[in-house]
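*Asks:* Counting from 156, one number per residue, gives the positions in the sequence shown under our numbering.
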Amino acid sequence: MVWSVISAKGMGRLYIVEGTMRQDKYKRVLETRLLPQLREWFPGDQEYIFMHDSAPCHKARRVTAVLAEKNITVLPWPGNSSDINPVENMWELTKQAIAKKVITTKRELVETLIREWHHNTELQQHAKICIESMPRRIKAIIATKGD
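1) Is the beta carbon of Val160 sitting closer than 8 Å to the one on Gln192?
2) Measuring only the C-alpha atoms, how far is Cys285 from Thr259?
3) Let's see if you can read the secondary structure: which residues bound the alpha helix (DSSP H) around Asn244?
4) Answer yes or no: do Glu271 and Ile297 have a C-beta to C-beta separation smaller than 8 Å?
5) Going by DSSP, which residues form a beta bridge with Trp196?
6) Can you tell me whether Met289 is helix, strand or coil according to DSSP?
7) Based on DSSP bridge pairs, tell me the residues matched to Val106.
8) From Thr175 to Lys164, what does the alpha carbon distance come to, in whole angstroms?
9) Taking Lys289 as the reference, give the member of Glu195, Asp179, His207, Glu173 with the closest Cα.
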């Protein structure tokens with residue numbers, strides 16, 4: 156599994172997660188990957204809203220407690236709405252870019268993933284567009300009462 160974060164300021168560093176992402180791993184990812192990235196993107200008192208979907212590891216009490224302890228505002232998330240999460244759009248575009256390559260080993264896959272994620276300017280531009288589309292996406296969810 157691969158984890159990362161995006162914002163209108165860019166695409167975060169990739170983190171390869173071995174095995175299943177459970178709450179203990181997710182908590183560690185937030186503490187060691189997300190928090191440093193947020194400090195880099197939003198120094199001082201700059202405001203931001205963090206979003207993740209309703210995966211069980213995201214909703215675990217320990218994870219919720221860490222986010223609250225660090226004063227991270229989390230966007231409320233309707234059930235079964237991963238399709239509105241902009242990072243999901245980015246994963247799909249990244250998969251499409253990687254599918255065009257001939258890859259025969261796990262190492263080549265990881266190297267290609269890192270190269271595409273961090274150096275593909277088309278992906279980087281799309282990340283900004285996805286984030287900027289969030290107000291429209293949220294209004295659509297509210298209009299349909301989360302359905």
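Idealized CB from N, CA, C, for every residue including glycine.
*Replies:* In short, the structure shows the following:
1) yes
2) 31 Å
3) 241-254
4) no
5) None, per the DSSP bridge assignment.
6) helix
7) Here the chain comprises residues numbered 156 to 302, so residue 106 is not present and cannot be evaluated.
8) 29 Å
9) Correcting the residue type first, residue 289 is Met in the shown sequence and not Lys. The residue with the shortest Cα to Cα distance from Met289 is His207.
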